[in-house]
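In what follows, a single structure is set out as structure tokens and then discussed.
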Amino acid sequence: METDMIQNDQATGLRMMVKWLKRHKENPALADIPNPSVRTIAITSGKGGVGKTNITANLAIAMTMQNKKIAVIDADLGLANIDVILRLNPKYNLEHVVMGEKKLQDIFIKGPGGLTIIPASPGRLPMASLSEIDRTILIKEILKSANNFDVTFIDTAAGISNNVVDFVISAQETIVITTPEPTAITDAYAMIKVISQRADRNIGIIVNMVQNSEQAKDVYDRISIAAKRFINAKVHFIGYVLKDPAVPDSVTMQQPLIFRYPNSNATQCINALAKEILENRIK
Numbered sequence: 221m222e223t224d225m226i227q228n229d230q231a232t233g234l235r236m237m238v239k240w241l242k243r244h245k246e247n248p249a250l251a252d253i254p255n256p257s258v259r260t261i262a263i264t265s266g267k268g269g270v271g272k273t274n275i276t277a278n279l280a281i282a283m284t285m286q287n288k289k290i291a292v293i294d295a296d297l298g299l300a301n302i303d304v305i306l307r308l309n310p311k312y313n314l315e316h317v318v319m320g321e322k323k324l325q326d327i328f329i330k331g332p333g334g335l336t337i338i339p340a341s342p343g344r345l346p347m348a349s350l351s352e353i354d355r356t357i358l359i360k361e362i363l364k365s366a367n368n369f370d371v372t373f374i375d376t377a378a379g380i381s382n383n384v385v386d387f388v389i390s391a392q393e394t395i396v397i398t399t400p401e402p403t404a405i406t407d408a409y410a411m412i413k414v415i416s417q418r419a420d421r422n423i424g425i426i427v428n429m430v431q432n433s434e435q436a437k438d439v440y441d442r443i444s445i446a447a448k449r450f451i452n453a454k455v456h457f458i459g460y461v462l463k464d465p466a467v468p469d470s471v472t473m474q475q476p477l478i479f480r481y482p483n484s485n486a487t488q489c490i491n492a493l494a495k496e497i498l499e500n501r502i503k
């Protein structure tokens, strides 16, 4: 019985690989790797609850306001989040792409400010534990679609699962979100360690929910010193977002922070982060 199940899983994976290869054979001009002029940025965290998805959404919208063409891939495959915080109701999602029912461009939906959202599947365990073949196929499709945008954000799940790490490594640049909480700092360091074991790259740090810039810098310094001393990893301070009651209110109301509270302290931080990221690649 177990052998039959394994063979069926393998057969399904092979059929999906054949479908993907056929599509690429029919479209030889489409490259898997984004044009150097475009950017793919994975935004991740070692711990949940650090505000990663909310920062991603608002960063992306801030960039659309600078006349940039921006996409956000919800790569928290089993627990869709982006569409929820933006009060969107997608008809199709990445599960339909993985199952071969839709092409990636078929599931694009428009979000606030003209942002393009690629939604994930809500509450689906199989999507949260994709096979290596399925994950590889999906990542290739995402990288190919990145050529249509100035910046593509890949909003991963929290943690260090294969799903998360493969999405992170596939992007050109990586940003880790943390907060001043000791557990968040420890898990951010663990995330940086895992990424560094798989790829040699600089990693950007954004510190969320801080009281002031000094606290943000202190958190960054603790991570940076440990990363350099113990794993010889390079990290880069991108900036911070102040703790602000406007943030939880905008999340509850399912409205982008930068639209609901355009003059809030947190929005000013988001705009500063967007400017920094647009002007400086994480190298």
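Be aware that the sequence shown starts at 221, since it is given in our numbering, and climbs by one per residue. Note that the Cβ used here is the ideal one computed from N, Cα and C, for glycine as well. Quick caveat: nothing in here was measured; it's all calculated off a predicted structure.
Under the three-pair Cβ rule at 8 Å, the stretch 347-366 counts as touching the stretch 286-300. Burial is judged here by how many other beta carbons sit within 10 angstroms of a residue's own beta carbon; residue 445 has fewer than 16 and is exposed.
Contact check between the stretch 410-429 and the stretch 371-389: three or more CB pairs, one atom from each, fall below 8 Å, which counts as touching. Taking C-beta atoms under 8 Å as the contact rule, residue 281 and residue 478 qualify, at a distance of about 6 Å. With respect to the 8 Å criterion, residue 275 and residue 428 are classified as neighbours on the basis of their beta carbons.
With a 10 Å radius around the Cβ and a threshold of 16 neighbouring Cβ atoms, residue 482 comes out exposed. Judged by their CB atoms, residue 302 and residue 332 are not nearer to each other than the 8 Å cut-off. Annotation for residue 384: 264, 376 and 377 place their beta carbon closer than 7 Å to its own, counting only its chain and skipping 5 residues before and after.
The three-state reading of DSSP puts residue 285 in coil, since its state is none of H, G, I, E or B.
The residues 263, 265, 270, 271, 272, 275, 426 and 428, in chain order, have a CB closer than 7 Å to that of residue 397 in the same chain once the five nearest residues on each side in sequence are set aside. In terms of CA proximity to residue 382, 352 leads the group 320, 393, 352 and 467. About 13 Å separates the CB atoms of residue 443 and residue 395; that is not less than 8 Å, and the two are not in contact.
Residue 453: not part of any beta strand (DSSP E); DSSP gives it neither H nor E. Just so you know, the alpha carbons of residue 419 and residue 322 end up roughly 31 Å apart.
Runs of the beta strand (DSSP E) lying entirely within the stretch 319-346, each at least 3 residues long, are 336-338 in chain order.
Listed in chain order, the non-local C-beta contacts of residue 463 below 7 Å within the same chain comprise 429, 430 and 431, local neighbours out to five positions each way being set aside. Measuring C-alpha to C-alpha distances from residue 435 to each of 497, 405 and 357 identifies 405 as the nearest. Residue pairing for residue 395: DSSP places it in a beta bridge opposite 263 and 424. DSSP places residue 369 outside both helix and strand once states are collapsed to three, so it counts as coil. A distance below 8 Å between beta-carbons, with the five flanking residues on each side excluded, links residue 474 to the following residues of its chain, in chain order: 304, 305, 306 and 307. Each residue's CA atom was taken as its position, placing residue 407 and residue 267 some 6 Å apart. When secondary structure is reduced to three states using DSSP, residue 377 falls in the strand class.
In the DSSP assignment, the residues bridged to residue 457 are 425. Taking every protein chain shown into account, the CB of residue 449 has fewer than 16 other CB atoms within 10 angstroms, so this residue is exposed. Nearest C-alpha to residue 453 among 466, 503 and 496: 503.
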